[in-house]
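Colleague: Pasting a structure here, questions to come.
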Amino acid sequence: MMKKFLISILFLAMLLPIASAQLPDVSNPGWSIGWEVEEDEVMMDLDGTLQFETKLMFWIDNTRPLPSDYDIEVEMTYPSECDEGSFSIDSESKVNVGANTNETFEIKISGNGYGDLGEPCPTSEVFSLELVISDLIVAGQAGDGSKTIDQSLRFTPVYSLEIEFVATDNWNMADDIKSGTSEFVEVKIRNKGNSIDSIRNPSVSFRGCPQMESKVLEGESKLNTNEEANGEWWAEIELSASSSHPEKKCDLVFSVVSEGDGKTYSETLKFNVEAIDIKEENAELEETESSDSSGLQSESSSLPAVSSLMCIITVLFSAFSRHKWG
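Under the working numbering, the residue at position 115 of the sequence shown is numbered 601, and the numbers go up by one with no gaps.
Shown next as structure tokens:
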């Protein structure tokens with residue numbers, strides 16, 4: 487009898503864990519969350535037009551024996567130089583995760599990389615995304631709270647240069663350059679990307695006017711610096727037309743290489759050379775000199791004639807006087 491009793495107790499003890507496992511333990515949250523890929527920073531990849539689309543994947547692991555509902559909230563903190571209106575964030579607001587299930591969900595962030603002033607948002611600026619997931623209901627009972635994870639994001643570097651010619655006090659860029667003279671023009675290179683950049687290989691060349699010469703004035707230039715986004719470099723260029731330069735339409739081409747992306751950027755300035763005819767100038771000068779010279783000769787040649795006339799008058803007057811008084 488005792489033996490049967492012991493066997494019954496042993497059998498009940500074996501069944502007890504199974505029965506306990508079938509009862510939901512709502513006092514234990516039994517769920518967790520996390521990012522599909524753990525990264526210190528996620529780079530938002532900008533294309534050539536500064537558009538982007540980035541996807542963040544997160545999971546909810548429900549280890550309960552019953553399905554659970556969860557509320558999802560996404561909040562983004564924007565840097566001061568970047569525009570909140572340029573972003574669109576799409577995600578599910580409420581999900582249901584089955585019992586003993588791990589499910590993955592997506593947050594899609596899209597938009598453009600411009601700041602609130604229309605300039606690219608610097609790649610140095612960091613965005614902070616916060617994901618808050620709240621446990622809503624389990625087996626008809628209220629949830630037990632929320633869990634939070636966050637992620638830092640930045641834009642990928644984008645490099646771009648903008649070149650502009652600027653008039654100087656010496657030349658307004660509209661007047662012709664006369665042969666045998668020099669004019670000066672300023673060139674500005676702006677960093678239109680979103681990252682620090684520097685430039686190399688500044689080059690000045692001419693199209694259509696091989697006799698033109700140029701020189702970058704070192705003392706009036708700033709080309710060897712690292713510039714933040716929206717910074718600029720500049721240079722002053724002397725343009726010289728030889729005295730024998732014919733009248734022509736010319737192109738001044740200024741180019742420079744970005745250290746950031748290795749691309750060459752260039753800008754063209756159109757201008758005209760006015761030929762000064764040296765022979766015509768010399769002929770006019772000779773004609774003027776000849777006119778002056780002939781005037782002098784005429785004036786000097788009239789002097790002897792006056793002297794001769796005076797002599798004749800003097801002789802006649804003397805003869806008349808002798809005849810009268812003789």
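Where is the CB? At the ideal position from N, CA and C, for every residue including glycine.
Going by other Cβ atoms of all chains shown within 10 Å of its Cβ, with 16 needed for buried, is VAL612 buried or exposed?
Modeller: Exposed: under 16 other Cβ atoms inside 10 Å.
Colleague: In the structure shown, what three-state DSSP assignment does GLY520 receive?
Modeller: It is a strand residue.
Colleague: Decide yes or no for the touch test of the segment 703-713 against the segment 750-763: beta carbon pairs closer than 8 Å, at least 3 of them.
Modeller: Touching, no.
Colleague: Kindly list the residues whose CB is nearer than 7 Å to the CB of THR667, restricted to its own chain and excluding five residues on each side of it in sequence; keep chain order.
Modeller: These residues qualify, in order along the chain: ALA727.
Colleague: Use the C-beta contact count for ASN656: other C-beta atoms within 10 angstroms, 16 or more gives buried, fewer gives exposed.
Modeller: So ASN656 ends up on the exposed side.
Colleague: Taking SER744 and ASP683 to be in contact with their CB atoms under 8 Å, please state how far apart those CB atoms are, rounded to whole angstroms.
Modeller: With a Cβ gap of about 6 Å, SER744 and ASP683 count as contacting.
Colleague: Mind reading off the beta-carbon distance from CYS471 to ASN716? Whole number of angstroms is fine, and I expect it under 8 Å.
Modeller: Outside the modelled stretch of the chain, which goes from 487 to 812, sits residue 471, for which no answer is possible.
Colleague: Would you report the Cα separation of VAL673 and ASP569, rounded to the nearest angstrom?
Modeller: The straight-line gap from Cα to Cα measures roughly 31 Å.
Colleague: List the DSSP bridge partners of VAL716.
Modeller: According to the sequence displayed, residue 716 carries Asn and not Val. Note: ASN716 sits in no beta bridge, so no partner.
Colleague: Would you kindly report the start and end of the unbroken beta strand (DSSP E) that includes VAL702?
Modeller: Looking at the DSSP string, the run of the beta strand (DSSP E) that includes VAL702 is 699-708.
Colleague: Can you tell which of GLY584, SER610 and ASP737 has the C-alpha that lies nearest to the C-alpha of PHE651?
Modeller: Among GLY584, SER610 and ASP737, the Cα nearest to that of PHE651 belongs to ASP737.
Colleague: Can you tell which of SER638, GLY601, MET659 and ASN687 has its C-alpha closest to the C-alpha of MET529?
Modeller: The option with the nearest alpha carbon to MET529 is SER638.
Colleague: So what's LEU789 in DSSP terms, helix, strand or just coil?
Modeller: For LEU789, the predicted model reports a pLDDT of 47, less than 50, meaning its position is unreliable; a value from the coordinates is still stated below. Here LEU789 sits in helix by DSSP.
Colleague: Go to ASN548, then tell me how far its beta strand (DSSP E) extends in each direction, as first and last residue.
Modeller: Segment 537-548, the beta strand (DSSP E) holding ASN548.
Colleague: Quick one, which of LEU603, ASP630 and ASP636 has its alpha-carbon nearest TRP521's?
Modeller: Looking at the Cα atoms, ASP636 is the closest of the given residues.
Colleague: Taking all protein chains shown into account, do 16 or more other C-beta atoms lie within 10 angstroms of the C-beta of ALA721, making it buried, or fewer, making it exposed?
Modeller: Answer is buried; the Cβ neighbour count reaches 16.
Colleague: Below 8 Å on the Cβ atoms is my contact criterion, and I expect ASP557 with LYS594 to pass it. Report the Cβ-Cβ distance as a whole number of Å.
Modeller: That belief does not hold up - the Cβ atoms of ASP557 and LYS594 are roughly 19 Å apart, past 8 Å.
Colleague: Note down, in chain order, each residue of its chain lying with its Cβ closer than 6 Å to the Cβ of GLU648, except the 5 sequence neighbours on either side.
Modeller: Correct list, in chain order: ARG676 and LYS678.
Colleague: Skipping 5 residues on each side, what residues in its chain have a beta carbon closer than 8 Å to that of ASP526?
Modeller: For ASP526, where only same-chain residues beyond five positions count, the Cβ hits under 8 Å are SER638.
Colleague: Alpha carbon to alpha carbon, how far is VAL523 from GLU589? Give it in angstroms, no decimals.
Modeller: Going by the C-alpha atoms only, they are around 14 Å apart.
Colleague: Determine the closest residue to LEU603 out of SER646, SER566, PHE670 and SER554, with distance taken between C-alpha atoms.
Modeller: Minimum Cα distance to LEU603 is reached at SER566.
Colleague: What three-state label does DSSP hand GLY631 in the structure shown?
Modeller: Residue state, collapsed to three classes: strand.
Colleague: Please tell me whether ILE445 and ILE575 are closer than 7 Å, where the distance is taken between their beta carbons.
Modeller: What the structure shows of the chain is the stretch from 487 to 812, and residue 445 is not part of that stretch, so it cannot be assessed.
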